[in-house]
Amino acid sequence: MPGFQLEIVTPEKTFYSGVVEHLQVPGSEGSFGVLSGHVPLLSSLQIGHLSFAEEGGTSRQVATSGGFVEVQQDRVTVLAETAEFGEHIDVVRAQAARERALEHLRSEGETDKVRAQAALSRALNRLRISDNS
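The sequence shown begins at 1220 in the numbering used here and counts up by one.
What follows is the structure in structure tokens.
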């Protein structure tokens, strides 16, 4: 199967650049797959699990926390708020973030519940992906 160029870019750096065989993306309207020759599209990303297979079949798992994806016939560009390979996730830090978010959600103060829910979603996503890597 012919591959296509994948670029994953965060505000800090080019996180990944390489040729991949297929890609699974957490789109805002649901997860979708991309193969070489896919119809062009632009989509927003939700907090979720991005996965791809490099040439040769090596599967990679990435935790993302929103952004955009642009699909062209022979290239996909992911502009992610954050991106982290599953095997590089600091599980202790992610668990601590989960506990902090849960505490904010349980508090009876004027905690910003939307921010706390987003933090909880990011922490749970990171933990789920670290378990799959």
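We put the beta carbon where it would ideally sit given N, CA and C, even for glycine.
Taking the CA atoms as reference points, K1232 sits about 10 Å from A1299.
Annotation: Q1224 to R1325 spans about 44 Å, alpha carbon to alpha carbon. A direct Cα-Cα distance of roughly 43 Å separates V1258 from H1323. In this structure S1262 is in contact with V1288, their Cβ atoms being roughly 5 Å apart against a cut-off of 8 Å. A1282 counts as buried, since no fewer than 16 other beta carbons sit within 10 angstroms of its beta carbon. Taking a C-beta distance under 8 Å as the contact criterion, I1308 and I1266 do not qualify as a contact pair. Exposed is the label assigned to V1311, since fewer than 16 other Cβ atoms lie within 10 Å of its Cβ. Counted as a single uninterrupted DSSP element, the beta strand (DSSP E) harbouring S1236 occupies residues T1233 to G1246. Looking at the DSSP output, L1260 bridges to V1290. Closest by C-alpha distance to A1313, out of S1340, S1278 and L1264, is S1340. At least 8 Å separates the beta-carbon of A1302 from that of A1342.
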